[in-house]
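Heads up, the thing below is written out as structure tokens.
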Amino acid sequence: MSDKQSEAQPLDAHAVEPGSDGVHDGKGGALGEKTRPATVHGDESTAAASAAATVGTTEALVESNPLRDPRDKRLPRVAGPCVLVLFGVTGDLARKKLLPAIYDLANRGLLPPGFSLVGFARRDWKDQDFAQLTHDAVKEHARTPFREEVWKQLAEGIFFCPGEFTDDGAFDALAMMLKEIDQTRGTGGNYGFYLSVPPKFFPVVVEQLKRTGLANGPEGAWRRVVIEKPFGHDLRSAQELNAITSAVFPESSVFRIDHYLGKETVQNILALRFANNLFEPIWNRGYVDHVQITMAEDIGIGGRAGYYDGIGAARDVIQNHLLQLLALVAMEDPTSFGADSLRREKEKVLKAVQLPPDLSLSTARGRYGPGWQGGEPVAGYTQEDGISPDSITETYAAVKLEIANRRWAGVPFYLRTGKRLSRRVTEVAVIFQRAPHLPFSKDDTEILGQNALVIRVQPDEGITVRFGSKVPGTAMEVRDVSMDFAYGESFMESSPEAYERLLLDVLIGDPPLFPHQREVELSWKILDPIEEFWTTQGAPEEYPAGTWGPSSADEMMARDGRAWRRL
Amino acid sequence: MTSFMLTGTTASKISSQLTQLRHQMGTPAVGMVLTLVVVSDESTQYDAVRAATEAAREHPSRILVVIPRDPREPNRLDAEIRFGESTPGEVILLRLYGELTEHADSVVGPLLLTDTPVVAWWPGDCPEVPAKDPIGLLALRRIVDARSAPDSVKAITGRSKDYLPGDTDLAWTRLTTWRSLLAAAFDQPVGKVKKGVVEAVPGHASAVLLAAWLSERLGAPVKVTESDGPGLTAVKLTTADGDITITRGDGRLATLSRPGQPDRQVALTRRPTSELLAEELRRLDPDEIYEAAIRRISRGHKS
């Protein structure tokens, strides 16, 4: 153990006070942060270089706040004083995710004193009514225990502004209200606008924010707008949508939420790849046979018929979640984890994505018919409420993509998603090539599969590695075994909900986990030709609910001599 | 939860019993991230084990509780293994008799999880220099608690004398919520702080630490004054524009006031030991800010 301590010594070199002697007491006692580098250099000349590296950041931070120090890791990142204005408070997302996430943030002490929440909706409500709605949502859905004092802190800053999006008066009232909140709660003119409303309302809301001057803050204050997917339904509509927001808000103030990117496991893809030396050498065409990215849902479209019909599985899931996962798995290492470098690498790899020449052989789509799902009989897609019998919308989509760069040339990426599949699971599976030579007889390795590394995104977040192992006994028989890392087992309660993380990032103004408009457009460029091809193909192939999709998807894999992982 | 008693046993017998139990239950030890060694006497053992088990929900660990018993008895090791649903990891209570009380490390050593960090915690009395204690030598991080000392202010004042990286004190951990709130208050520009006051019940080690940290960071004198409590009740920092104050009368909800701005209420609750411990286990690197604060206290006392 003494090893460990001596390892810790260099760190100690930038300790605040050398302490071992009284020589520097005068300087250290005077305590200017500025005197510290001198002390450090004088004392530990060997560590000077590394100390100098940290001093830069220390000074920059300390200049703005003497109580913060990058070495003080106990202090959490806390958002500055601000107001969050929530449009669409009565929606499911607000009740089940956003409001509970705000409470959880407050409970973890990550919201600033004075943080205020303003709800805007077409309801004849007072502040108390919205507070009641929030209270109920928090009680029912929050992940952290309900504590009266936290609720009291939060409730003090809950306001409601009734009105319609087209009503100028309502937005004037909102502007007045925000001004008043700045005065009474010291929020300093920092506003975040969360548009939890269907995209068709974006233009009118954004226009109202512009008209009332809410979109542009005074010097030193920020204004941010948060939008949810879908970001359009093809390249053109995505550009139109962007034109609306970017006419009013600069790109740096637009936060596009893809809640998958807030998930711990998704961020862990970056840690897995770039913090370890174990995987990087084999993370390329030399060792990887192919990659399967799956998002399977066991539910049907539920009450979302109006939204879902005409959109379909590919636009709903592949364009955002699955292509983002692909980008994270396939991208080169970013120079840093700043938003710029991260987005640049994701864009590069999305640009390198290529569609196979014959889309009829390398894509598959389906739609669920009636069947049994998990022990219950369920209706088919065309029998769902609000769906026309001649709908050609797909509820299952599978595509094969290739990435034209040195790392991945020739390695197919298979993406699939579907509703009413056998069970709910999202994962990325990197399947490795078989060993080039097996010194065992064919019989011994008959049941040996390919090595695989699986990143389980949900549920049961974690990582599985599959490899061959000898079956105990006198014969030399090799069979697949799994080695498992479960997030919940090693880090139990610490992982915050995706929305918690993303909301905090919005309030802090930290954009790496939000896709840039360029990424959105690149994703549509990948998907648009597939969608165009599909519209010429009539109704999708039906698959019984509760199974793993249409047979054409299996045939697509079989043509390449591969098969989908059985999940 | 299942509990197994082994009397007059050895580390290797405990170890094989553990392996056997694990096979029966079908739960491997791979998920565990650290070994927590709790050194405690019989009277504080119950609360310490509770807190450690609670903290193990966030950091699944093997918890080894070392309980020295009568040193005049013949040498003997009694072990109690607790294992099962309510405990995320494993808890092993080790009761040491006779000369063995001086050689706890010989029992603990073979029971540590392989190649994972070891943390030692003394919820009650702690050795003079934790890092030189036989158990402390096994640990990467050593947690003590000034509050349990007979004179807690004296205890915290003496901490810097034999400080080694990896030492930490729960009196410091208790301050994180206060420090976080103060830091958040300073995220908005604040003029130069001229002087400050920290108010707490008499003999409050954390108050002394908070004052030291503030004066270290702000370069201004910060005094400690007495109040009726509970615990820490207020921090007042004087700037040219007026006072920034945080007051907490009930130990739960605090009021933040600053010049030119309305008062605001903030939840600032006193945290149970399990949460403090969970925070300690989150970071296992040396806490240099804590070091700076305790060094500041001892300087203040010398001058």
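These protein sequences, in sequence, are chains B and E.
So for the first sequence, full-length UniProt numbering puts the first residue at 1; every next one is plus one.
So for the second sequence, full-length UniProt numbering puts the first residue at 1; every next one is plus one.
Ideal placement from N, C-alpha and C gives every residue a C-beta, glycine not left out.
Asked                                                                                                                                                                                   : Found
What residues in its chain sit with their C-beta under 7 angstroms from that of Ile244(B), if we drop five residues either side in the sequence?                                        : Phe202, Pro203 and Val206
Can you check which of these residues, Glu275(E), Thr245(E), Pro123(E) and Gly136(E), is closest to Pro262(E) by C-alpha distance?                                                      : Thr245(E)
For a contact defined as C-beta to C-beta under 8 angstroms, what are the partners of Arg62(E) on chain B?                                                                              : Going along chain B, no residue has its Cβ under 8 angstroms from Arg62(E), so there is no contact; the nearest lies around 13 angstroms.
Using the C-alpha atoms, what's the distance from Trp121(E) back to His103(E)?                                                                                                          : 17 angstroms
Examine chain E for any beta-carbon lying closer than 8 angstroms to the beta-carbon of Pro218(B), and answer yes or no.                                                                : no
Taking 8 angstroms as the cut-off, decide whether the C-beta atoms of Leu154(B) and Tyr194(B) are in contact.                                                                           : no
Between the region 210-225 of chain E and chain B, which residues of the former have a C-beta closer than 7 angstroms to a C-beta of the latter?                                        : Glu216, Arg217, Leu218 and Gly219
Whole-angstrom Cβ separation of Gly189(B) and Asp182(B), contact assumed at under 8 angstroms?                                                                                          : 6 angstroms
Starting from Ile297(E), find everything on chain B with Cβ-Cβ shorter than 8 angstroms and list it in chain order.                                                                     : None at all; the shortest Cβ gap to chain B is about 12 angstroms.
Would you tell me roughly how many angstroms separate the C-alpha atoms of Ile14(E) and Asp133(E), rounded to the nearest one?                                                          : 24 angstroms
Hey, would you say Ser422(B) sits closer than 8 angstroms to Thr547(B), going by beta carbons?                                                                                          : yes
Step through the CB atoms of chain B and report whether any lies within less than 8 angstroms of the CB of Pro186(E).                                                                   : At residue 186(E) the sequence reads Phe, which differs from the Pro that was named. Interface residue, yes.
What does the alpha-carbon distance come out to for the pair Trp524(B) and Leu235(B)?                                                                                                   : 5 angstroms
Answer yes or no: does any C-beta atom of chain B fall closer than 8 angstroms to that of Ser106(E)?                                                                                    : no
Do Pro389(B) and Gly380(B) have their beta-carbon atoms positioned less than 8 angstroms apart in this structure?                                                                       : no
Which residues in chain E sit within 9 angstroms of Lys179(B), going by Cβ to Cβ distance?                                                                                              : By Cβ distance, chain E contributes nothing, its closest Cβ being about 14 angstroms from Lys179(B), past 9 angstroms.
Anything in chain E within Cβ reach of Thr184(B), meaning under 8 angstroms, just list it in chain order.                                                                               : Pro262
With 9 angstroms as the limit, tell me which residues of the region 331-359 of chain B have their beta carbon closer than that to any beta carbon of chain E; keep them in chain order. : none
Just verifying my parser: in three-state terms, what is the DSSP assignment at Gln537(B)?                                                                                               : coil
Does DSSP put Met32(E) in a helix, a strand or coil?                                                                                                                                    : coil
Compute the Euclidean distance between the alpha carbons of Asp460(B) and Arg566(B), then round it to the nearest angstrom.                                                             : 17 angstroms
With a threshold of 8 angstroms on Cβ separation, who are the neighbours of Gly22(B) within its own chain once the five nearest residues in sequence on each side are excluded?         : Low per-residue confidence applies at Gly22(B): pLDDT is 37, beneath 50, and the placement is therefore not dependable, though the value from the model is reported in the following sentence. So no residue of the chain qualifies.
Thinking just about the alpha-carbon of each residue, which of Ile311(B), Arg123(B) and Phe279(B) is nearest to the one in Glu164(B)?                                                   : Arg123(B)
Output yes or no for whether 8 angstroms exceeds the beta carbon distance between Tyr46(E) and Pro74(E).                                                                                : no
Mind checking the region 269-293 of chain E against chain B and listing, in chain order, the residues whose C-beta falls within less than 8 angstroms of any C-beta there?              : Thr269, Glu279, Arg282, Arg283, Asp285, Pro286, Asp287, Glu288, Ile289, Glu291 and Ala292
Using a Cβ cut-off of 7 angstroms, pull out every chain B residue sitting near Arg252(E), in sequence order please.                                                                     : Glu149
Spatial neighbours of Ala293(E) within its chain, please: CB distance less than 8 angstroms, with the 5 preceding and 5 following residues excluded, ordered by chain position.         : Trp172, Leu209, Ala212, Trp213 and Glu216
Using C-beta distances below 8 angstroms, list every residue in its chain close to Thr212(B), excluding the 5 sequence neighbours before and after it, in chain order.                  : Phe171, Asp172, Leu174 and Ala175
Would you tell me roughly how many angstroms separate the C-alpha atoms of Gly166(E) and Asp285(E), rounded to the nearest one?                                                         : 7 angstroms
Determine the burial state of Pro515(B): buried for a count of at least 16 other Cβ atoms within 10 Å of its Cβ, exposed for fewer.                                                     : buried
In chain E, which residues lie less than 7 angstroms from residue 568(B) when you measure between Cβ atoms?                                                                             : Past the boundaries of the shown model lies residue 568(B); chain B is included only from 1 to 567, so the question cannot be answered.
Counting contacts by CB-CB distance shorter than 8 angstroms, is residue 618(B) in contact with chain E?                                                                                : The displayed coordinates of chain B run from 1 to 567. Any statement about residue 618(B) would go beyond what the structure contains.
Buried or exposed, going by whether 16 or more other CB atoms sit within 10 Å of the CB of Met483(B)?                                                                                   : exposed
Where are the alpha helix (DSSP H) runs, 4 residues long or more, that stay fully inside the region 90-175 of chain E, in chain order?                                                  : 104-111, 134-138, 152-158 and 170-173
Does DSSP classify Gln45(E) as helix, strand or coil?                                                                                                                                   : helix
Assuming contact is defined by CB atoms lying nearer than 8 angstroms, are Ala183(E) and Leu93(B) in contact in what I supplied?                                                        : no
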